Amino acid sequence: MMNPPWLDIVTIALSQDIGRGDITTNALVSPGQKAEAELVAKEDMVVCGLPVVAEVFRAVDARIRMLPERPDGEGVLAGNRICTVHGPARGILAGERVALNFFQNLSAVATMTRRFVEQIEGTRARICDTRKTTPGLRLLQKYAVRIGGGYNHRFGLDDGVLIKENHIALAGGIAMAIKKAADAVSHLHGIEIEVETLDQLREALDAGARIILLDNMNLETMEKAVAIAGGQALLEASGNITLANVRAVAETGVDLISVGAITHSAGSKDVSLLVTM
Numbered sequence: 085m086m087n088p089p090w091l092d093i094v095t096i097a098l099s100q101d102i103g104r105g106d107i108t109t110n111a112l113v114s115p116g117q118k119a120e121a122e123l124v125a126k127e128d129m130v131v132c133g134l135p136v137v138a139e140v141f142r143a144v145d146a147r148i149r150m151l152p153e154r155p156d157g158e159g160v161l162a163g164n165r166i167c168t169v170h171g172p173a174r175g176i177l178a179g180e181r182v183a184l185n186f187f188q189n190l191s192a193v194a195t196m197t198r199r200f201v202e203q204i205e206g207t208r209a210r211i212c213d214t215r216k217t218t219p220g221l222r223l224l225q226k227y228a229v230r231i232g233g234g235y236n237h238r239f240g241l242d243d244g245v246l247i248k249e250n251h252i253a254l255a256g257g258i259a260m261a262i263k264k265a266a267d268a269v270s271h272l273h274g275i276e277i278e279v280e281t282l283d284q285l286r287e288a289l290d291a292g293a294r295i296i297l298l299d300n301m302n303l304e305t306m307e308k309a310v311a312i313a314g315g316q317a318l319l320e321a322s323g324n325i326t327l328a329n330v331r332a333v334a335e336t337g338v339d340l341i342s343v344g345a346i347t348h349s350a351g352s353k354d355v356s357l358l359v360t361m
């Protein structure tokens with residue numbers, strides 16, 4: 085059986101938390117003692133991260149079993165039981181904090197993403213994430229975005245070309261930046277360029293840009309940008325996107341809306357893991 089892609093992340097987290105051993109649990113709980121615990125939502129949320137929780141407990145003690153009752157992607161209410169965990173008590177207590185840390189954050193990311201997605205329902209736009217993720221957790225947080233109904237932007241700098249303001253300045257302008265990028269990368273790589281004004285948008289279109297990021301444009305300017313592009317390029321709105329304005333941004337006709345807040349400001353959902361026997 086192949087190891088899950090997040091195994092290294094889980095291993096590092098457990099090493100940081102358990103260290104040389106859980107001295108409190110080892111002092112109070114006998115080696116052969118069994119236990120069952122329930123993971124319970126303490127607020128409304130979208131469930132996300134159960135495969136990671138299962139891997140945490142498996143890594144601590146392979147005899148621990150997790151029985152999910154609500155799958156990733158399902159909405160739950162405060163008080164709903166999400167899963168039960170049973171097996172050696174020492175292992176359950178040793179893995180508890182790390183399992184909760186992952187689950188609380190990933191559920192928060194999925195929940196916030198779902199709220200943005202629901203706000204733009206019925207429009208052509210898609211909610212996308214960014215690279216503004218917690219260091220070391222990008223894979224998991226981008227998974228949570230998908231669970232919440234959003235879409236992933238590039239995973240890293242090696243995943244696609246995104247020409248930003250500093251690149252443009254160093255490359256010698258928009259047209260030159262697009263040409264240099266096209267000459268340097270495979271035809272399989274998408275090339276996106278950031279613009280701040282309508283004049284820059286026109287220059288990018290003339291240079292053959294097919295994906296254009298509209299950086300911090302107001303609604304009126306975005307509407308004009310959509311009209312100017314006329315379907316020649318995918319348009320991505322970015323910068324200061326909130327739940328309060330995302331619907332209006334979507335209604336300008338842009339194709340993509342990137343929201344850093346769904347990962348960097350999601351926080352954690354309130355969840356408890358309590359021993360029941």
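With this note's numbering, letter number 25 in the sequence shown gets 109, and the count goes up by one each step, no holes.
Don't be surprised by glycine CBs; every beta carbon is placed ideally from N, CA and C.
Source: prediction; values computed, not measured.
Integer Cβ distance of residue i from residue j, believed to fall under 8 Å
i       : j       : result
Val-193 : Thr-347 : 6 Å
Leu-98  : Ala-143 : 6 Å
Val-355 : Leu-123 : 6 Å
Ala-293 : Ala-317 : 6 Å
Leu-224 : Phe-186 : 7 Å
Ile-295 : Glu-276 : 4 Å
Glu-120 : Met-361 : 5 Å
Leu-297 : Val-310 : The pair is not a contact, with the Cβ atoms about 14 Å apart (cut-off 8 Å).
Arg-198 : Asn-110 : With a Cβ gap of about 40 Å, Arg-198 and Asn-110 do not count as contacting.
Ile-312 : Leu-285 : 6 Å
Asp-299 : Gly-323 : 5 Å
Lys-308 : Leu-327 : Not really, about 25 Å apart at Cβ, beyond 8 Å.
Leu-91  : Glu-139 : 7 Å
Gly-220 : Ile-102 : Between Ile-102 and Gly-220 the Cβ distance is about 17 Å, and since that is not below 8 Å, they are no contact.
Residue interval of the beta strand (DSSP E) (run including residue i)
i       : result
Val-355 : 355-359
Ser-342 : 340-342
Thr-168 : 165-172
Val-269 : Segment: none, Val-269 is in no beta strand (DSSP E) and carries neither H nor E.
Those residues which DSSP pairs with residue i across a bridge
i       : result
Tyr-235 : Cys-212
Pro-155 : Pro-155 is not bridged to any residue.
Val-245 : Ile-275
Limits of the alpha helix (DSSP H) - the one that residue i falls within
i       : result
Glu-278 : Unbroken run through Glu-278 is the beta strand (DSSP E), 275-279; no alpha helix (DSSP H).
Ile-252 : 249-255
Arg-104 : Premise fails: Arg-104 is in no alpha helix (DSSP H) and is neither H nor E.
Thr-347 : 345-348
Ala-162 : Counting along the chain, Ala-162 falls outside any alpha helix (DSSP H), and DSSP gives it neither H nor E.
Cβ of residue i within 8 Å of any chain B Cβ
i       : result
Val-137 : Note that chain B does not occur in the displayed structure, where there is just one protein chain.
Completely contained alpha helix (DSSP H) runs for the segment 106-152, where each covers 4 or more residues:
As far as the segment 106-152 is concerned, its whole alpha helix (DSSP H) runs of at least 4 residues are 107-112, 134-144.
Which runs of the alpha helix (DSSP H) fall wholly inside the segment 283-328 and span at least 4 residues, in chain order?
303-313
With a threshold of 8 Å, are at least 3 pairs of Cβ atoms found where one atom belongs to the segment 343-361 and the other to the segment 176-194?
yes
Can we say the segment 163-179 touches the segment 224-244, given the rule of at least three CB pairs closer than 8 Å?
Too few Cβ pairs lie closer than 8 Å, so no.
For the segment 202-213 against the segment 326-343, are there 3 or more C-beta pairs whose distance is under 8 Å?
Here the segment 202-213 lies against the segment 326-343, with 3 or more beta-carbon pairs under 8 Å apart.
Count the CB pairs spanning the segment 127-134 and the segment 146-166 that are closer than 8 Å, and state whether there are at least three.
Touching, per the Cβ criterion.
Pairing CB atoms from the segment 240-253 with CB atoms from the segment 266-274, are three or more of them under 8 Å?
yes
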